[in-house]
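Line order of the protein sequences matches chains A and U.
Counting with the working numbering, you get residues 1 to 620 for the letters of the first sequence.
Counting with the working numbering, you get residues 1001 to 1369 for the letters of the second sequence.
These notes are about the structure you will find just below.
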Amino acid sequence: MITLSQRREVGEFRKRYRWMALFVVLVFGGIIVRVAQVQLFQRDRWSGIAQRNITKTLELPATRGVIRDLAGRVVASNRPSYDVYTTPRLLQPDDLDRIASLMDLSETEQAALQTRLDQIPLSRRSQQLELFRDIDREQLAALETHRAELPALDIVTVPLRDYPYATLGAHLIGYLNEVNAEDMKRAADPSTYHPGDRIGRSGLEKRYEALLKGSRGFRRLVVDARGKSLKGARPDSLEVEMLKQPVPGHDIQLTLDMQLMEAFDRAFRPYPSGAAVVIDIHTGAVRALYSKPVYDPNEMSSGLSTKRYAALTGDPFRPLIDKTMYETYFPGSTFKAFTALAALEDAVVDPMQRVECLGSLKIGRQKFRCNKRHEWVDLYDAVVQSCNVYFWVLAEEVGLERINRYAKAFGFAERTGIGVNSEAKGFLATREWYEEHYGQFRIGYTLNTAIGQGNTRVTVLQLALANAAIANGGSLYVPQVVQNVRSPDGSLSETFQPRLKRDVGVAPEHLDLMRRALIDVVEDESGTAYRARNKDGVRVAGKTGTAQVVSRKGRSEESSSAWYLDRSHGWFAGFAPADDPQVAFAVLVEHGGSGGASAAPIAMSVMQQYLGETEPKEAE
Amino acid sequence: MAIGRTIRDDFDWPLFIAVSTIALFGVLNLYSATDGGTTSDAYVQQLYWLILGFGVATLTVAIDYRHFERYGWVIYGGCILALALVFVLGRSVRGSTRWIALGEFSLQPSELMKIGLIIALAKYLHHDTKTGGRTLVDLIIPGLILALPMGLVLLQPDLGTAMVLAFIFASLMMLTQLKMRSVITLLATFVVAAPVTWFYLLKDYQKERITAFWDRLGGTQTDLLDSGWHTQQSLVAIGSGGLTGKGFTQGTQTRFRFLPDQHTDFPFPVWAEEHGFLGAVLLISLYVFLVLWSLRIASQAKDRFGAVVAVGVGAMIFWQTVVNLGMVSGLLPVVGMTLPLFSYGGSSLLSTMLGLGLLMNVSMRRFSH
Chain A
1 MITLSQRREV GEFRKRYRWM ALFVVLVFGG IIVRVAQVQL FQRDRWSGIA
51 QRNITKTLEL PATRGVIRDL AGRVVASNRP SYDVYTTPRL LQPDDLDRIA
101 SLMDLSETEQ AALQTRLDQI PLSRRSQQLE LFRDIDREQL AALETHRAEL
151 PALDIVTVPL RDYPYATLGA HLIGYLNEVN AEDMKRAADP STYHPGDRIG
201 RSGLEKRYEA LLKGSRGFRR LVVDARGKSL KGARPDSLEV EMLKQPVPGH
251 DIQLTLDMQL MEAFDRAFRP YPSGAAVVID IHTGAVRALY SKPVYDPNEM
301 SSGLSTKRYA ALTGDPFRPL IDKTMYETYF PGSTFKAFTA LAALEDAVVD
351 PMQRVECLGS LKIGRQKFRC NKRHEWVDLY DAVVQSCNVY FWVLAEEVGL
401 ERINRYAKAF GFAERTGIGV NSEAKGFLAT REWYEEHYGQ FRIGYTLNTA
451 IGQGNTRVTV LQLALANAAI ANGGSLYVPQ VVQNVRSPDG SLSETFQPRL
501 KRDVGVAPEH LDLMRRALID VVEDESGTAY RARNKDGVRV AGKTGTAQVV
551 SRKGRSEESS SAWYLDRSHG WFAGFAPADD PQVAFAVLVE HGGSGGASAA
601 PIAMSVMQQY LGETEPKEAE
Chain U
1001 MAIGRTIRDD FDWPLFIAVS TIALFGVLNL YSATDGGTTS DAYVQQLYWL
1051 ILGFGVATLT VAIDYRHFER YGWVIYGGCI LALALVFVLG RSVRGSTRWI
1101 ALGEFSLQPS ELMKIGLIIA LAKYLHHDTK TGGRTLVDLI IPGLILALPM
1151 GLVLLQPDLG TAMVLAFIFA SLMMLTQLKM RSVITLLATF VVAAPVTWFY
1201 LLKDYQKERI TAFWDRLGGT QTDLLDSGWH TQQSLVAIGS GGLTGKGFTQ
1251 GTQTRFRFLP DQHTDFPFPV WAEEHGFLGA VLLISLYVFL VLWSLRIASQ
1301 AKDRFGAVVA VGVGAMIFWQ TVVNLGMVSG LLPVVGMTLP LFSYGGSSLL
1351 STMLGLGLLM NVSMRRFSH
């Protein structure tokens, strides 16, 4: 049946077969090369995506450590906040309407949410995104009821920082707010902070961030392409950890006594602004660090509006400034104690020698006024009655250099090293400084320095510590606000010992003389704080002071509070109880006028409450 | 003639074994791909189709292929008619009309059309015994034979099948000796036709797939949610399989439904994810063997009809395989294209088995008189 011609015709194709076979082999070879590239060389990359595809990671936030005062009262803790997260890739088209109705969102809120979701780049659509923070109970109930129908949503319980004492001690305790790009860059481990996390932004929250923070954990779920969780379906090829428990932060116990802080808050009620510090004279532990007015840390945490921030910065009583350590003041007559100690120690004067005060003193062409005519006073009387004339005469003998030297020994013009927030250094002007700034040195500068005016600037904290040194026999301590740190399991992980900075180098008998003088400031009829004394109560010793206020620039003339802001500041600094000192203090009433009338009553009343009925409570 | 004698002496065992192995792998793969899902009995259906397919192939082998030559135009006409019927009786799935319901089953006439076209072109070339160089004029009649079914398929629209028809046609034409001038003219025509096709003939979703493909080649991943997403997930499946794979029924891309159409157009990623590079090479090698073997059968065919049919069937398998693998491995844009013998789907399997039956037929009758 087959013919020769047919054979020949088939033969026409023959030479093509080889070319076709070659083509087939080359094309398939190309495909195999491609498959090898994908499976052998890019394997890790694709495996990574495969694992991320089927897992959904839920973060388990760590509970931040609790801060307590010395008696164990909670100062900063956490309360649950219910936050709503979503994985944008899993959102169904009509989910948003559903969410909006359950959350009771307005149309504009819903539109804003839609815009926000639309802007998420594809690369981040599989990552969780925070939709709402701290939803209320009704919203929570509504979402929980319909949770099964909204697999794209997750409700996460996040501990939110809570400050039970609100504003009290806020500068010291600090606050948290959201991490920024810089914080995240600074962290040693880049996974420490995620966007939306909170970080200690000031105070102890910032100082002890690393200890308080704890470390986050996570739970991974196996999910299918629609985000449905598949329980128990864990493929062998999944090489990732599925659960990591969060580690809570360390707890911190302060040396602060919040009851004492509250006592100050009550005592300061008549005044819009001021500050007070109480130091344990045996350890340097800070018992109170009170500054008024203050911002609300709860408000700072949630992020301030521009308007609110402007209101805070524009407030003439400066709530953002910590007046215990960030602001400096003239020490006024509280400084006389240190001028007197300088004179005694270097034996430049006989303390028994009397000077006649006629109410003023003329030196050269200048006439210096005393607060009254004190008649004949010796050093002791001059401290008790705060006689300027005596100290002017004394100053001429002692000289600026000695005054500065002893002031330095007592810790003035030097940072205390408290270690929290920024601290002002204060200032003591030297002869050279006066020459440089005022052209030439005049004796008047020394006289002003002797009575705490001049250019001497101190912080309330420095003055309290210096008085502690007078009270304890010459030990200047580094102030401490943290007593101990506890691990999450409750065991002590660190206890802070008192840190002695130096001995001020003043003979005990001179300190003793000064202590007696400070007692008589209150107890002698001629004393400047006599009228503020606790009758039949806790005996308090201290030195009054009235510091002039430098007119601040840029203050508006028409301001209704202008007259008040030009008033002097009132000081009272000393120790208590008088015969067996336990604590030293410094109280400053801004624009309170005379220290004996403003600051001293506050100190008396607080010390009465603090030391009056019972001994101060110790922790444990 | 006595068929019994032929089976014993001339049965093409290598062809049978290669085909059976691929089909068996396909069933296993289908079992894995659908395990635990709502279509977990798909592999049983596929087995039924396979048995039916072997039955059809056996019938095809039993009839001397010269009868197919004799009734070539009738077969071709029947296929065209079936294609036309789609527009009258057809069932629409995802915007294109490709199916005719036959009782419980649905049939895809465009699949049968591939065989119809091969037979029609083989018959034409069998009788057109010109052995010298061919000019464009010589392509007019075969061109029309292609154009009619291709037009109908494009109307459905089914771009993938239309492409296969065109590729089969081109392959068969290359078998004859085209003049270089003709080849150049054809290429020039293509250059002109491509933009026309792009702007006037392609649907938006088809353009989108091609755009996504070019974007990926250029390294800019635009939209992972649509066309690009398919290829991306396919690459994730293949790539994460590594050298030895995750193991049978252990593919996460498959089990957690990240692969689109995993049992029809994307069975290869399932296979590659679970059996790794070694499994992938084994499977691809079987296809290489199958195509080369069909060329061998063609070279031994006793007449032009047999040779053209063998090359046509080989070309059909080759192009479908290449386009499918190229698509799932991100070398080609996503077009609907099944992997012959391996994909789930009755019509596709039947037409492939029909073609392979013809191939076996040609192989077994290479020496008969």
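Note that CB positions come from ideal geometry on N, CA and C, so glycine has one too.
Owing to the predicted nature of the structure, the values given are computational and were not obtained by experimental measurement.
Member of the options whose CA lies at the smallest distance from the CA of residue i
i       : options                            : result
R1209/U : T1231/U, A1194/U, F1190/U, Y1200/U : T1231/U
N78/A   : A468/A, K501/A, R68/A, H282/A      : R68/A
A661/A  : T339/A, G417/A, V384/A, D95/A      : One cannot answer for residue 661/A here, as it falls past the ends of chain A, which runs 1 to 620.
I515/A  : P577/A, N534/A, R124/A             : Per the sequence presented here, residue 515/A reads as Arg, with Ile not at that position. Residue P577/A is the option with its Cα nearest to R515/A.
S81/A   : R161/A, I54/A, D44/A               : R161/A
N455/A  : N53/A, Y438/A, L143/A              : Y438/A
G413/A  : V383/A, Y329/A, A347/A, N388/A     : Looking at the sequence itself, residue 413/A is Ala, so the reference to Gly does not match. Nearest C-alpha to A413/A: Y329/A.
V1309/U : D1265/U, L1121/U, L1059/U          : L1121/U
A599/A  : A529/A, Q609/A, W376/A             : A529/A
L358/A  : P351/A, W376/A, A343/A             : W376/A
E1273/U : S1234/U, S1285/U, V1288/U, I1119/U : S1234/U
L1278/U : V38/A, T546/A, K206/A              : V38/A
R89/A   : D579/A, S594/A, A347/A, S126/A     : S126/A
E299/A  : L476/A, Y175/A, L117/A             : Y175/A
K1207/U : T1058/U, L1159/U, G1330/U          : L1159/U
Q1046/U : L1349/U, L1359/U, M1360/U          : L1349/U
V294/A  : R502/A, D189/A, T446/A, R318/A     : R318/A
S333/A  : L611/A, A71/A, L588/A              : L588/A
V1362/U : L1332/U, D1041/U, G1306/U, V1313/U : G1306/U
D1138/U : W1271/U, Q1108/U, K1179/U, F1167/U : K1179/U
T1258/U : A276/A, M242/A, K228/A, L212/A     : It is worth fixing the name first, because residue 1258/U is Phe in this sequence and not Thr. The shortest Cα separation from F1258/U among A276/A, M242/A, K228/A, L212/A belongs to K228/A.
S1240/U : A466/A, R457/A, S47/A              : S47/A
Contact belief for residue i with residue j at Cβ below 8 Å, rounded distance in angstroms
i       : j       : result
L1148/U : I1080/U : 6 Å
V420/A  : V393/A  : So it is not a contact: roughly 42 Å between Cβ atoms.
T1185/U : S1110/U : That belief does not hold up - the Cβ atoms of T1185/U and S1110/U are roughly 29 Å apart, past 8 Å.
A1057/U : L1356/U : 6 Å
S547/A  : W571/A  : First, the amino acid is wrong: residue 547/A is Ala here, not Ser. Confirmed, about 6 Å.
A1023/U : W1293/U : Not confirmed; about 15 Å, so no contact.
V522/A  : G542/A  : 7 Å
Range of the contiguous beta strand (DSSP E) that encloses residue i
i       : result
L49/A   : Per the sequence presented here, residue 49/A reads as Ile, with Leu not at that position. I49/A -> not in any beta strand (DSSP E); alpha helix (DSSP H) instead, spanning 43-53.
W1198/U : Taken as a continuous stretch (DSSP letters only), W1198/U belongs to no beta strand (DSSP E), as it is neither H nor E.
K543/A  : 541-547
V384/A  : That residue, V384/A, is in no beta strand (DSSP E); its alpha helix (DSSP H) goes 379-385.
V621/A  : Examination of residue 621/A is not possible in this model, given that chain A is present from 1 through 620 alone.
Y290/A  : 286-292
F1270/U : The sequence shown places Val at residue 1270/U, rather than the Phe named in the question. Per DSSP, V1270/U belongs to no beta strand (DSSP E); it is in the alpha helix (DSSP H), 1267-1300.
Q119/A  : Careful: Q119/A lies outside any beta strand (DSSP E) and carries neither H nor E.
N-terminal and C-terminal residue of the alpha helix (DSSP H) that residue i is part of
i       : result
Y1076/U : 1072-1089
G574/A  : That residue, G574/A, is in no alpha helix (DSSP H); its beta strand (DSSP E) goes 569-576.
E130/A  : First-last for E130/A: 129-132, but that is the beta strand (DSSP E), not the alpha helix (DSSP H).
N448/A  : 443-450
D1138/U : Run containing D1138/U: none; DSSP gives neither H nor E here.
Y434/A  : 431-438
N1029/U : 1013-1034
Residues that DSSP places opposite residue i in a beta bridge
i       : result
P1149/U : Answer is none; P1149/U lacks a bridge partner.
R161/A  : N78/A
L584/A  : First, the residue type needs correcting, since residue 584/A is Ala and not Leu in the sequence shown. In DSSP, A584/A forms a bridge with I279/A, F575/A.
K367/A  : K362/A
L102/A  : Note: L102/A sits in no beta bridge, so no partner.
K213/A  : Answer is none; K213/A lacks a bridge partner.
N177/A  : I199/A
Residue i: CB within 7 Å of a non-hydrogen atom of the ligand MG
i      : result
T446/A : Among the components modelled here there is no ligand, and therefore nothing to report on the ligand MG.
Threshold first: 4 residues or longer. Then list the alpha helix (DSSP H) segments lying entirely within the region 297-353 of chain A, N to C.
297-301, 306-314, 336-345
Only counting runs of 4 or more residues, tell me where the alpha helix (DSSP H) segments fall wholly within the region 1036-1075 of chain U, in order along the chain.
1042-1062, 1065-1070
Would you mind listing the alpha helix (DSSP H) stretches within the region 240-277 of chain A that are 4+ residues and don't spill past its ends, in chain order?
258-267
Quick one: complete alpha helix (DSSP H) runs, 4+ long, within the region 495-545 of chain A?
Segments of the alpha helix (DSSP H) lying fully in the region 495-545 of chain A: 508-523.
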